[in-house]
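Accompanying notes for the structure given below.
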Amino acid sequence: MSRLQHPSLVRMYGQGADDEDCFLYLDESYSIPDAYKDGAFYILSAAQVRHADLAGTRRELQKIVGGGWWHTTDALRSTQGRTKTKKLLEQINAWADPYFITIATPLDERFDSENARRDCLRALISYVYSPAVSTTPRGIVFEARHHQKENNRDRRLVRLLREEGIMPADVHVAWVSPAEECLLWLADLTCMAYRRQLTHQDDTSRYFATYLEAHVHVIEVPPSKGPPFVA
Numbered sequence: 035m036s037r038l039q040h041p042s043l044v045r046m047y048g049q050g051a052d053d054e055d056c057f058l059y060l061d062e063s064y065s066i067p068d069a070y071k072d073g074a075f076y077i078l079s080a081a082q083v084r085h086a087d088l089a090g091t092r093r094e095l096q097k098i099v100g101g102g103w104w105h106t107t108d109a110l111r112s113t114q115g116r117t118k119t120k121k122l123l124e125q126i127n128a129w130a131d132p133y134f135i136t137i138a139t140p141l142d143e144r145f146d147s148e149n150a151r152r153d154c155l156r157a158l159i160s161y162v163y164s165p166a167v168s169t170t171p172r173g174i175v176f177e178a179r180h181h182q183k184e185n186n187r188d189r190r191l192v193r194l195l196r197e198e199g200i201m202p203a204d205v206h207v208a209w210v211s212p213a214e215e216c217l218l219w220l221a222d223l224t225c226m227a228y229r230r231q232l233t234h235q236d237d238t239s240r241y242f243a244t245y246l247e248a249h250v251h252v253i254e255v256p257p258s259k260g261p262p263f264v265a
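According to the numbering used here, the stretch in the sequence shown is residues 35 to 265, in order.
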């Protein structure tokens with residue numbers, strides 16, 4: 035990924051960003067009711083990377099993976115994939131960059147992933163642009179979702195958060211695929227590790243505690259009492 039092709043990324047990284055500016059990379063995971071013994075949950079993870087470290091981080095991730103494609107859940111199905119996953123987590127631990135997780139749990143039989151995503155995204159944005167965080171993100175990169183209407187829901191929420199003064203008006207946002215920005219792999223790995231400690235009892239259930247917990251701020255989000263998310 036020597037050149038960034040997506041126009042949103044070109045604008046985000048090129049418009050006056052300096053070395054100390056940072057960016058967030060977001061991914062999600064969730065469990066539907068009855069798939070997990072303690073009920074459904076929704077996780078939104080965010081990895082933070084400095085502008086000065088973007089290129090080097092991409093190179094190291096792709097070096098470990100051995101290419102330009104990665105999805106942690108698929109990788110864990112093979113011995114080679116598990117080996118690469120552990121190497122990636124070891125590298126994340128060594129970098130010691132900040133990470134954030136918002137989790138909504140427990141969710142009942144009326145589980146709605148869009149409501150949960152809205153609540154978790156609101157909680158995340160509220161925190162990272164609060165006085166509790168010393169370096170606020172200059173931009174946020176969302177993994178593009180399967181349908182454009184889903185991306186549009188996110189855009190409407192971002193617009194609302196700006197109107198409410200929770201998210202600064204000058205923050206750049208982009209929706210791209212992990213093939214266009216491999217730094218999204220960081221959030222994918224974080225989601226996987228946090229999820230596995232809830233859903234599994236094998237060695238992958240210890241990944242979060244072993245490699246990530248020291249670098250992650252976890253925000254628990256109460257289940258939404260509001261109306262369903264309107265498309």
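Built from N, CA and C at the ideal position, the CB exists for glycine as well.
query, result
"To the nearest angstrom, how far is it from the Cα of Ile253 to the Cα of Glu247?", "13 Å"
"Can you tell me the Cβ-Cβ gap for Ala269 and Tyr245, rounded? I've got them flagged as a contact below 8 Å.", "Outside the shown range of the chain, which is 35 to 265, sits residue 269, and nothing can be said about it."
"Is it true that the region 169-176 meets the region 197-208, where meeting means three or more beta-carbon pairs spaced less than 8 Å apart?", "yes"
"Distance check for Gly50 and Thr233, CA to CA, integer angstroms please.", "43 Å"
"Do Ser79 and Cys225 come within 8 Å of each other at the CB atom, strictly closer than that value?", "yes"
"For Pro212, I'd like the list of residues in its chain whose CB is within less than 8 Å of its CB, leaving aside the five on either flank, ordered along the chain.", "Trp103, Trp104, His105, Glu177, Leu218, Trp219 and Asp222"
"My understanding is that Phe75 touches Thr136, with C-beta atoms under 8 Å, so please give their C-beta distance in whole angstroms.", "Contact doesn't hold; Cβ gap of about 11 Å is too wide."
"Any chance you could list the alpha helix (DSSP H) runs of at least 4 consecutive residues sitting entirely within the region 61-148, in chain order?", "88-99, 106-109 and 113-129"
"According to DSSP, is Phe263 part of a helix, a strand, or is it coil?", "Because the pLDDT of Phe263 is 45, which lies under 50, any placement of that residue in the model is unreliable, and the question is left without a value."
"Compute the beta-carbon to beta-carbon distance between Ala109 and Gly101, rounded to the nearest angstrom, for a pair I have assumed lies under 8 Å.", "The Cβ separation is near 12 Å, so there is no contact."
"Which word fits Thr238, buried or exposed, when buried means at least 16 other C-beta atoms lie within 10 angstroms of its C-beta?", "buried"
"According to the Cβ coordinates, are Arg84 and Cys56 closer than 8 Å?", "yes"
"DSSP puts Gly173 in a beta bridge; with which residues?", "Phe57 and His206"
"Considering only their Cβ atoms, is the gap separating Leu191 from Arg152 smaller than 8 Å?", "yes"
"In angstroms with no decimal places, state the Cα-to-Cα distance between Asn185 and Asp61.", "13 Å"
"Roughly how many angstroms separate the alpha carbons of Ala130 and His249, rounded to a whole number?", "6 Å"
"Work out the CA separation of Tyr241 and Asp146 for me, nearest whole Å.", "28 Å"
"Is the CB-CB distance between Tyr64 and Ala150 below 8 Å?", "yes"
"Would Ile159 pass as a contact of Leu194 if the rule is Cβ separation under 8 Å?", "no"
"In angstroms with no decimal places, state the Cα-to-Cα distance between Ala166 and Lys118.", "34 Å"
"Would you grab the beta carbon distance between Tyr163 and Met201 for me? Rounded to a whole angstrom, and I think it's under 8 Å.", "6 Å"
"Going by beta-carbon coordinates alone, are Gln96 and Tyr133 separated by less than 8 Å?", "no"
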